[in-house]
Amino acid sequence: MIEQRAIQKYHSDILVEKQINGWVVIRLNRPKTLHALDISLVNALIQIFEDIQNDDSIEAVWLDSTTPKAFCAGGDVRKLRQLVLENDHKIAEDFFTQEYALDLLLHNYIKPVVIWGEGYVMGGGLGLFMAAPFRLVTPESRLAMPEINIGLYPDVGATRFLADRGAIGLFTGLTGSIMTSAGAYAIGWATHICEAQRDKLLDKLFNIRWEDYPAGKFRALDDVLNSMHRPVAVGPLQSSLDAIHTVCRGKLFTQDCDAILGLSEARSDWLRQAGENLQKGSPVTVAITWLLWKWGKEGHSWTEVFALEKQISAWKIKHPDFIEGVRARLIDKDLNPQWQSIQAYTLKGILSDYPPVTTIESWNNLLKQYDII
């Protein structure tokens, strides 16, 4: 029961409050890191959500952060990099195991969860966000899977939620392009755009008359949130849909990459930035992202998606590109990573030295199809 557990017992960087009408509010509170997730935070969230699921007095959950600058900017990759450098691979791998367990818990959650995605929603934060049935953004929200910049790869379920969005998902994964609230809503990353202040929205939600909705709590939340939804002007994503579908065919790796690189001459600043991101990004990340999108298109359960990502993450964080990418982007901040040299900018040429073979047979079959193993 939530009321029997002191707030600090969960985690010093998480605030938990039981509200009226069966609501619980959970707030991430690590503003200096833009609420980045580490293993202690993830484990605490798992415990909180498990307690809530077993508490019959709780009807619904609101999850946000204590600052408008970000809901969650991702995992604490600085800490992960340090663990790898100190050969604490087991602890680093445990982070991914637990992070994916949290995401899977929310994908299968029996109670409605509403996430307020204000500010930056990126990486691991977007994984949490996408696991909730009600995903709210504001005009100030900025969403992305920017792992291309640090030599990791779009994980936390992106293997599926990028593939589910076809060419747009592939483009987003390969370029790490930042999406506005308009774009996020257009492709279904967000379920609602809210211009109202958070407290005003919470007041409406806390005062829902559950008994007026025989169809259930999810229907009740749908009705209230739909009444608060406010469309905004189209963003750069919607203005670029023709270009995205032209450059991302998802059939030939080199063809897609060459086409995106050609966007460096586009008129649109957003498209030019996408081309530059790919050009400057880790080739290994590009290859893995493209292959995972192909695998995700086959249709796999969330359980299988996270099982594959767990194995690939254990390999990827030990790869030199991850160490170098985090250094260049977040530690020294010179933005000049020296990626590991490759034989050729092809799937086989990029992955020749580090084939990420796993125990997932369908993934290994895909690698064989492209002559990587």
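Under our numbering, the first residue of the sequence shown is numbered 130, with each subsequent residue one higher. No residue lacks a Cβ here, since even glycine has one placed at the ideal position from N, Cα and C. Only a predicted model underlies this, so the values are computations on that prediction, with no experimental measurement involved.
Under 8 Å between the Cβ atoms of L400 and L392?
-> Here residue 400 is taken as the residue at index 271 of the sequence shown, counted from 1. Here residue 392 is taken as the residue at index 263 of the sequence shown, counted from 1. It is a contact, given that the beta carbons lie within the stated cut-off.
Keeping to the same chain, check which residues put their C-beta closer than 6 Å to that of N158; ignore five residues upstream and five downstream.
-> Within the sequence shown, residue 158 is the residue found at index 29, counting from 1. Around N158: D142, L144 and T195.
Would you tell me roughly how many angstroms separate the C-alpha atoms of Q72 and K240, rounded to the nearest one?
-> Given a span of 130 to 502 for the chain in the structure shown, any question on residue 72 remains unanswerable.
Alpha carbon to alpha carbon, how far is D167 from Q384?
-> Start at 1 with the first residue of the sequence shown, and residue 167 comes out as number 38. Start at 1 with the first residue of the sequence shown, and residue 384 comes out as number 255. Cα to Cα, D167 sits roughly 37 Å from Q384.
Once you ignore the five residues that flank A135 on each side, which residues in its own chain have a CB closer than 6 Å to its CB?
-> Here the question's residue 135 lines up with position 6 in the sequence shown. Note on A135: pLDDT 45, under 50, position unreliable in the model; no value is reported.
For the alpha helix (DSSP H) that G425 lies in, which residues bound it at each end?
-> For the purposes of this step, residue 425 is taken as the residue at position 296 of the sequence shown. For G425, the enclosing alpha helix (DSSP H) begins and ends at P412 to G425.
Cβ-Cβ distance between N406 and N278 below 8 Å | Stepping through the sequence shown from its first residue, residue 406 is reached at position 277. Stepping through the sequence shown from its first residue, residue 278 is reached at position 149. Yes, Cβ-Cβ distance for N406 and N278 is below 8 Å.
Counting pairs of Cβ atoms below 8 Å between the segment 428 to 438 and the segment 225 to 244, do you hit three or more?
-> Contact between the segment 428 to 438 and the segment 225 to 244 is present, because at least three Cβ pairs lie under 8 Å.
If you count every other CB in all the chains shown that lies within 10 Å of the CB of S186, and 16 or more means buried, which is it?
-> Mapped onto the sequence shown, residue 186 falls at position 57. Exposed is the call here.
Alpha helix (DSSP H) segment containing L464, residue limits | Counted from its first residue, the sequence shown places residue 464 at position 335. For L464, no alpha helix (DSSP H) encloses it, and the DSSP letter there is neither H nor E.
In angstroms with no decimal places, state the Cα-to-Cα distance between Q133 and A173.
-> Walking along the sequence shown from the start, residue 133 turns up at place 4. Walking along the sequence shown from the start, residue 173 turns up at place 44. For Q133, the predicted structure reports a pLDDT of 43, less than 50, and the residue's modelled location is therefore unreliable. A value from the coordinates is still provided. If I take the Cα positions, the gap works out to 16 Å.
Could you name the residues that DSSP lists as bridge partners for A189?
-> Counting from 1 along the sequence shown, the entry for residue 189 is found at position 60. BP columns for A189 point to W152.
Range covered by the beta strand (DSSP E) that runs through G478 | The count along the sequence shown starts at 1 and reaches residue 478 at position 349. Residue range L476 to L480 is occupied by the alpha helix (DSSP H) that includes G478, with no beta strand (DSSP E) assigned at that position.
For S481, which residues from the same chain have a beta carbon less than 6 Å from its beta carbon, with the 5 sequence-adjacent residues on both sides left out?
-> What you label residue 481 is simply residue 352 of the sequence shown in a count that begins at 1. Spatial neighbours of S481 in its own chain (CB-CB distance under 6 Å, excluding positions within 5 residues in sequence) are listed in chain order as Q472.
What did DSSP end up calling D500 once you bin it into helix, strand or coil?
-> Start at 1 with the first residue of the sequence shown, and residue 500 comes out as number 371. Here D500 sits in coil by DSSP.
Nearest neighbour of G570, chosen from D223, V363, D284 and I479 [CA to CA] = The first residue shown for the chain is 130 and the last is 502, placing residue 570 beyond what the model contains.
Are there three or more Cβ pairs, one per stretch, closer than 8 Å when the segment 264 to 279 is compared with the segment 306 to 326?
-> Taking 8 Å as the limit for Cβ pairs, the verdict is that the segment 306 to 326 does touch the segment 264 to 279.
Closest Cα partner of V266 within the set L291, T288, A344 and N355 = Stepping through the sequence shown from its first residue, residue 266 is reached at position 137. When each option's Cα is compared against that of V266, the closest is N355.
In the structure shown, what three-state DSSP assignment does A273 receive?
-> As a first step, residue 273 is located in the sequence shown; it is residue number 144 there, counting from the start. A273 sits in a strand when the DSSP states are folded into three classes.
So, are the CB atoms of K447 and Y282 less than 8 Å apart?
-> For the purposes of this step, residue 447 is taken as residue 318 along the sequence shown, with counting starting at 1. For the purposes of this step, residue 282 is taken as residue 153 along the sequence shown, with counting starting at 1. Using a Cβ distance threshold of 8 Å, K447 and Y282 do not count as a contacting pair.
In three-state terms, what does DSSP make of R359?
-> The count along the sequence shown starts at 1 and reaches residue 359 at position 230. When DSSP states are grouped into helix, strand and coil, R359 belongs to the coil group.
Using the C-alpha atoms, what's the distance from A189 back to T487?
-> The residue given as residue 487 occupies position 358 in the sequence shown. The residue given as residue 189 occupies position 60 in the sequence shown. Roughly 38 Å separates the two Cα atoms.
Any idea which residues DSSP pairs W245 with across the strands?
-> By one-based count along the sequence shown, residue 245 stands at place 116. Answer by DSSP bridge pairing, in chain order: L265.
Quick one: residues in its chain with C-beta nearer than 6 Å to the C-beta of E146, no 5 flanking neighbours on either side, listed in chain order?
-> In the sequence shown, the residue the question calls residue 146 occupies position 17. Contacts found: V154.
In its own chain, which residues sit with a C-beta less than 6 Å from the C-beta of P160, not counting the 5 before and 5 after it?
-> Within the sequence shown, the letter at position 31 stands for residue 160. Here P160 has T196 as same chain residues with Cβ atoms under 6 Å from its own Cβ, once five neighbours each way along the sequence are excluded.
So what does DSSP say about K374, is it helix, strand or coil?
-> As a working mapping, residue 374 is identified with position 245 in the sequence shown. Contrary to the premise, residue 374 reads as His rather than Lys in this sequence. Note: H374 maps to helix in three-state DSSP.
DSSP three-state call for R134: helix, strand or coil?
-> Position 5 of the sequence shown, counted from the start, is the residue given in the question as residue 134. Any reading at R134 needs caution, since the residue's pLDDT is 47, under 50, leaving its predicted position unreliable; the model's value is listed next. Looking at R134 - three-state DSSP - the assignment turns out to be coil, as it is neither helix nor strand.
Same chain only: Cβ atoms within 8 Å of I475, ignoring 5 sequence neighbours per side = Along the sequence shown, one-based indexing puts residue 475 at 346. With the sequence shown as reference, residue 475 is identified as Thr, and Ile is not the correct amino acid for it. The residues are F382 and T383.
Label T375 either buried or exposed according to how many other C-beta atoms from any shown protein chain fall within 10 Å of its C-beta, with 16 as the threshold for buried.
-> Mapped onto the sequence shown, residue 375 falls at position 246. So T375 ends up on the exposed side.
For C386 and V415, believed in contact at Cβ under 8 Å, the rounded distance = What you label residue 415 is simply residue 286 of the sequence shown in a count that begins at 1. What you label residue 386 is simply residue 257 of the sequence shown in a count that begins at 1. The pair is a contact, with the Cβ atoms about 7 Å apart (cut-off 8 Å).
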